[in-house]
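Peer 1: Counting from 15, one number per residue, gives the positions in the sequence shown under our numbering.
The beta-carbon is built from N, C-alpha and C at its ideal position, and this holds for glycine as well.
Below is one structure. I have some questions about it.
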Amino acid sequence: MGFFLSEHTSSLAAEKSCVDLSTDLSVVEKLELLSQLYVGQLKGCFVVKEKNQKTIIIGEVSELSSKDLSIKTSSQGYRRIEVSDILSIQLWEEGVYD
């Protein structure tokens with residue numbers, strides 16, 4: 015059996031198109047951070063997975079349950095996402111990013 019260059023090239027191309035959708039946050043950590051944003055009415059930056067892609071949502075947590083939440087954004091209105099789809103959460107500081 016020989017090793018074909020086309021197989022190797024195809025494998026490398028498939029590897030490049032992969033998007034890392036893993037997270038370092040446990041569900042408990044996510045809910046703790048979300049609760050802090052909700053109680054403080056603070057704006058957050060959320061990286062979520064949607065259709066095997068990473069999406070960034072910036073807004074305030076307007077509703078929160080153990081399974082999902084609603085985020086009020088300035089550009090897209092309200093967005094409902096599942097807690098399990100959240101990859102990262104950061105505090106959004108107006109003056110720093112705008």
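Using the Cβ count rule (16 or more neighbours within 10 Å means buried), how would you classify glycine 73?
Peer 2: Position 59 of the sequence shown, counted from the first residue, corresponds to residue 73. The residue is buried, with at least 16 neighbouring Cβ atoms inside 10 Å.
Peer 1: Any idea which residues DSSP pairs glutamate 74 with across the strands?
Peer 2: Taking the first residue of the sequence shown as position 1, residue 74 is located at position 60. In the DSSP output, where bridge partners are listed per residue, glutamate 74 has Lys57 and Lys86.
Peer 1: Between which two residues does the beta strand (DSSP E) carrying serine 102 extend?
Peer 2: In the sequence shown, counting from the first residue as 1, residue 102 sits at position 88. Element bounds for serine 102: 100-105.
Peer 1: Whose C-alpha, out of Val97, Ile70 and Lys57, is nearest the C-alpha of leucine 83?
Peer 2: Along the sequence shown, read from residue 1 onward, the residue named residue 83 stands at position 69. Closest option to leucine 83, Cα to Cα, is Val97.
Peer 1: Count the other CB atoms, across all protein chains shown, that sit within 10 Å of the CB of isoleucine 100; report buried if there are 16 or more and exposed otherwise.
Peer 2: Start at 1 with the first residue of the sequence shown, and residue 100 comes out as number 86. The residue is buried, with at least 16 neighbouring Cβ atoms inside 10 Å.
Peer 1: Work out the CA separation of aspartate 34 and leucine 26 for me, nearest whole Å.
Peer 2: On the sequence shown, residue 26 is found 12 positions in, with the first residue counted as 1. On the sequence shown, residue 34 is found 20 positions in, with the first residue counted as 1. Reliability fails at leucine 26, whose pLDDT of 49 lies under 50, so the model's placement of it is uncertain and the value that follows must be treated cautiously. When rounded, the distance between both Cα atoms is 15 Å.
Peer 1: By alpha-carbon positions, which one of Ile95, Ser102 and Leu47 ends up nearest to lysine 65?
Peer 2: Along the sequence shown, read from residue 1 onward, the residue named residue 65 stands at position 51. Minimum Cα distance to lysine 65 is reached at Ile95.
Peer 1: Apart from the five residues just before and just after glutamine 104, which ones in its own chain have a Cβ nearer than 6 Å to its Cβ?
Peer 2: Sequence index remark: in the sequence shown, residue 104 carries index 90 (1-based). Excluding sequence neighbours, glutamine 104 sits near Cys59.
Peer 1: Looking at C-alpha atoms only, which residue of Lys81, Lys57 and Ser79 is the closest neighbour of serine 88?
Peer 2: By one-based count along the sequence shown, residue 88 stands at place 74. Minimum Cα distance to serine 88 is reached at Lys57.
Peer 1: Mapping DSSP to helix, strand and coil, what is lysine 65?
Peer 2: On the sequence shown, position 51 is the one that residue 65 refers to. In the structure shown, lysine 65 sits in coil (DSSP, three-state: anything other than H, G, I, E or B).
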